[in-house]
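J.: Pasting in a structure now, in structure tokens, and then I'll have a few things to ask.
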Amino acid sequence: MEKIRTFIAIKIPRKLEAALDGLLAELRRAGGDVKWVNPASVHITLKFLGEITPDDVARVSRAVESATAGKTSFVLSSGAKGAFPNLRRPRVFWVGLQEQHQAQLRELQQDIEKRLEAVGFPREARAFKPHLTIGRVRSLRDIDQVVTAFTRNDFPIIDLPVSEVLIMKSELTRAGAVYSVQQAFPLGK
């Protein structure tokens, strides 16, 4: 049976994509061995499900529909930059979200997590840390130059309106992951 690499996400606005494009252009010039993402594919991952069947996708769809019912749209804002696990030995570079705007996001993510658990998907073991992944470190070659460029300037604060939750399909290609929307669940006004 066909398997579909699936995750649940929130898309970012074009204004934020443009700001990320500028940051990424600067970071690419720094060298290093980092796979920088295409700003058009940046998103906030609420839950990664991995390879699932079409029947699983239907169960996920019902769970997300239930979790988003009655929820209203809200606004997040971009925040500080950072790296997992840290900037001394980075594996993933990211742009964060301002903490004061995260309560509704965390509530939405937890509700999705709870409803997915009820239909057979295990809870994520790690705590939810909302962020926008912008690069994955392949090796630590010239990483100091990359970290210097990454920490040189603050990232601008840009509003990120959240008006829908998406079930996304991820297809791995030689050029990188290609994402497509499988289903959208609008949030109320």
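Under our numbering, residues 32 to 220 are what the sequence shown spells out, in order. Ideal Cβ positions, reconstructed from N, Cα and C, are used throughout, including at glycine. Note that the coordinates shown come from a computational prediction; the quantities given were computed from them, not determined experimentally.
(1) What residues in its chain sit with their C-beta under 7 Å from that of Ala40, if we drop five residues either side in the sequence?
(2) Distance, Cα to Cα, Phe216 vs Thr37?
(3) For Ser97, which of Leu139, Val209, Asp173, Ala180 has the nearest alpha-carbon?
(4) For Ala94, collect the residues of the same chain with a Cβ closer than 6 Å to its Cβ; drop the 5 residues on either side in sequence, then sort them by chain order.
(5) Can you give me the start and stop residues for the alpha helix (DSSP H) that Asp52 sits inside?
(6) Taking a contact to mean a Cβ-Cβ separation below 9 Å, would you say Pro116 touches Glu33 in this structure?
(7) Kindly indicate the opening and closing residues of the beta strand (DSSP E) around Phe79.
(8) Taking the C-alpha atoms as reference points, what is the distance between Ser109 and Ile189?
(9) From what residue to what residue does the alpha helix (DSSP H) around Phe181 run?
(10) Please classify Phe19: is it buried, with 16 or more other beta-carbons within 10 angstroms of its beta-carbon, or exposed?
(11) Assuming Thr164 contacts Val65 (C-beta within less than 8 Å), just tell me the rounded distance between them.
T.: The relevant details are as follows:
(1) His74, Ile75, Thr76, Leu77, Leu197, Met199
(2) 15 Å
(3) Leu139
(4) Arg146, Leu147, Val150
(5) 45 to 60
(6) no
(7) 74 to 83
(8) 5 Å
(9) 174 to 182
(10) Lying outside 32 to 220, the shown extent of the chain, residue 19 is not represented and no answer is given.
(11) Not quite, the Cβ-Cβ distance comes to about 11 Å (not below 8 Å), so this is no contact.
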